[in-house]
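2 protein chains.
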Amino acid sequence: MEKSFYMNEALKEAYKAYDKKETPIGAVVVKDGEIIGRGHNLTETLNDCTAHAEILAIRQAAQNFGGWRLINCDLYVTMEPCIMCSGAIVNSRIKKLIIGTKHIKNSYTEKQHEFKIDYYQDNNVEVSFGTLKDECSKILQEFFKALRKR
Amino acid sequence: MEKSFYMNEALKEAYKAYDKKETPIGAVVVKDGEIIGRGHNLTETLNDCTAHAEILAIRQAAQNFGGWRLINCDLYVTMEPCIMCSGAIVNSRIKKLIIGTKHIKNSYTEKQHEFKIDYYQDNNVEVSFGTLKDECSKILQEFFKALRKR
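As you go down the protein sequences, you meet chains X and E in turn. Residue 150, in UniProt numbering, is where the first sequence stops; the numbers in between run on with no holes. Residue 150, in UniProt numbering, is where the second sequence stops; the numbers in between run on with no holes.
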């Protein structure tokens, strides 16, 4: 399957978050072509600041995989992970990280972005940006536009 | 109460992890002098690489606090948090972070330590090191010594 297929599955997760008025970010974990973990941001719904899409997808994947070390697994996520999720990705031993769009929040600085790129490299996580970039960006822009109106 | 009182409670959590053959790290979240969240490392027990002491304490505190923004709450942890947990601490809006001992694993570099110090500062988290440092360090040393023997 193409990268865009799995990113589209992550986007479906992001739309589930959108429908719950959560910041619309989605993620899937893929092992040998099969999706073994899915997640969308549920911070408000679960009253849990750690309930980001990536964390939930990684936790579900570990249960399906039968071990917390997600050897040879890839993670697709619609937006660049925050520092917490970057740490979880490294801790989980994810092999490839495929990101839709760069972080769009002003609170995330270029310094943090640069640290993350080094950190992934130091821990042998291969990173790529831009798969379905426009679609991944659009849902976030729409969400924040609607939020400003509310 | 003194800082050492709360760090001792975090140490009690670390000993629970030790008894389960988990890396012995413990944490508590304190609001107005009251412990509202406790956690010890359960990575192996829960088969979850995100089940670090800090994450579990923060998640429990949010349920007791009634909101995921832990305004005016402090976190005590026996060992310097990893990148994932540092991100969770910032995401949760913890005010003060009180650390027992510095990170002792070789896989954690000085570069990461320096990034974390800047990152806390940029996000208005006050950090201190060294409360019950010897006790917090000793339990880890004993754990790794026993692990090498097994």
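Backbone N, C-alpha and C define an ideal beta-carbon position, used for all residues, glycine too.
Taking the CA atoms as reference points, X:Cys49 sits about 8 angstroms from X:Leu42. Closer than 9 angstroms to the CB of X:Asn91 there is at least one CB belonging to chain E.
Chain order gives no chain X residues near E:Gln121, where near means a beta carbon separation below 8 angstroms; the closest approach is about 12 angstroms. Rounded to whole angstroms, the separation of the alpha carbons of E:Ser137 and E:Glu80 is 11 angstroms. Near chain E, meaning a CB-to-CB distance below 7 angstroms, the residues of the region 45 to 73 of chain X are Asn47, Asp48, Cys49, Thr50, Ile55, Ile58, Arg59, Ala62, Gln63, Gly67, Trp68.
Classified as buried, E:His52 has 16 or more neighbouring CB atoms from the shown chains inside 10 Å of its CB.
Counting only Cβ-Cβ distances below 9 angstroms, X:Ser128 has no contacts in chain E at all, with the closest Cβ about 20 angstroms away.
A straight-line Cα-Cα distance of about 7 angstroms links X:Ile35 and X:Val28. By alpha-carbon distance to E:Arg69, the top candidate from E:Lys31, E:Asn8, E:Arg38, E:Met1 is E:Lys31.
In this structure, the straight-line span from the alpha carbon of E:Ala10 to that of E:Lys133 is close to 12 angstroms.
Residue E:Cys85 holds the alpha-carbon nearest to the alpha-carbon of E:Gly39 among E:Gly67, E:Lys102, E:Cys85, E:Lys111. Selection E:Asn91, E:Gly130, E:Phe143, E:Gln63 evaluated against E:Tyr15 yields E:Phe143 as nearest (Cα-Cα). The DSSP-derived three-state label of X:Glu13 is helix. Taken through DSSP and simplified to helix, strand or coil, E:His40 comes out as strand.
In the three-state reduction of the DSSP assignment, E:Val90 falls in the helix class, which pools H, G and I. Counting only residues of its own chain and dropping the five nearest sequence neighbours on each side, X:Tyr76 has a CB closer than 6 angstroms to the CB of Tyr6, Met7, Ala10, Val28, Ile98. By the beta-carbon neighbour count (other beta carbons within 10 angstroms, threshold 16), X:Gly33 is exposed. X:Phe129 is classed as exposed because its beta carbon has fewer than 16 other beta carbons within 10 Å across all chains shown. For X:Cys49, no alpha helix (DSSP H) run applies, since DSSP gives it neither H nor E.
Contacts between X:Met84 and chain E, judged by CB atoms closer than 7 angstroms, involve Met84, Gly87, Ala88, Asn91 in chain order.
Neighbours of E:Thr43 across chain X, judged by C-beta separation under 7 angstroms: Trp68.
Chain-ordered, the chain X residues with CB closer than 7 angstroms to the CB of E:Phe115 read Phe115. E:Ala88 and X:Glu2 have their C-alpha atoms some 32 angstroms from each other.
Exposure of X:Leu147 is indicated by the presence of fewer than 16 other C-beta atoms within 10 angstroms of its C-beta.
DSSP places X:Ile25 in no alpha helix (DSSP H); its state is neither H nor E.
A Cβ-Cβ separation of about 5 angstroms places X:Thr78 in contact with X:Gly26 under the 8 angstroms criterion. For X:Glu126, the enclosing beta strand (DSSP E) has its first and last residue at 126 to 129. A direct Cα-Cα distance of roughly 8 angstroms separates X:Gln121 from X:Val127.
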